[in-house]
Amino acid sequence: MEEYVQHGTSSQLPTLVVISLFLGMGKGGVPGLATIATAATVVTAPTHIPNGLGYAVALMVPILTMIDIYAAYLHQHALDWNTIWVL
Numbered sequence: 034m035e036e037y038v039q040h041g042t043s044s045q046l047p048t049l050v051v052i053s054l055f056l057g058m059g060k061g062g063v064p065g066l067a068t069i070a071t072a073a074t075v076v077t078a079p080t081h082i083p084n085g086l087g088y089a090v091a092l093m094v095p096i097l098t099m100i101d102i103y104a105a106y107l108h109q110h111a112l113d114w115n116t117i118w119v120l
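65 is the number that my numbering gives to position 32 of the sequence shown; each next residue is one higher, with no gaps.
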């Protein structure tokens with residue numbers, strides 16, 4: 034994992050930022066951008082690092098979680114909390 038993080042911080046940070054923005058906009062309602070972000074994550078995953086694709090896809094989980102938490106915060110007045118607790 035350390036090798037993947039070092040690779041990401043040195044050469045792919047701008048790409049990861051753009052992918053994160055696309056993922057957020059796609060989650061926010063822009064059709065197709067989440068799909069493009071997922072495909073870009075797979076394409077830009079380093080192939081010389083063992084399990085690099087798994088790490089690349091695993092990076093999307095915290096981003097998606099933070100997007101959902103922020104959306105819930107923004108719309109907390111309109112949420113049906115009973116339904117949220119069931120989920």
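Note that beta-carbon positions come from the ideal geometry of N, C-alpha and C, so glycine has one too.
| Asked | Found |
| --- | --- |
| Could you say which of Trp118, Val90, Gly61 lies nearest to Ala73 if we only look at CA atoms? | Val90 |
| Measure the CB-CB distance between Gly59 and Gly65 and report whether it falls below 8 Å. | yes |
| Could you have a look at Asp113 and say whether DSSP puts it in helix, strand or coil? | coil |
| For the alpha helix (DSSP H) that contains Ile102, what are its first and last residues? | 93-107 |
| Measure from the alpha carbon of Thr71 to the alpha carbon of each residue in Trp118, Leu54, Leu120, then state which is nearest. | Leu54 |
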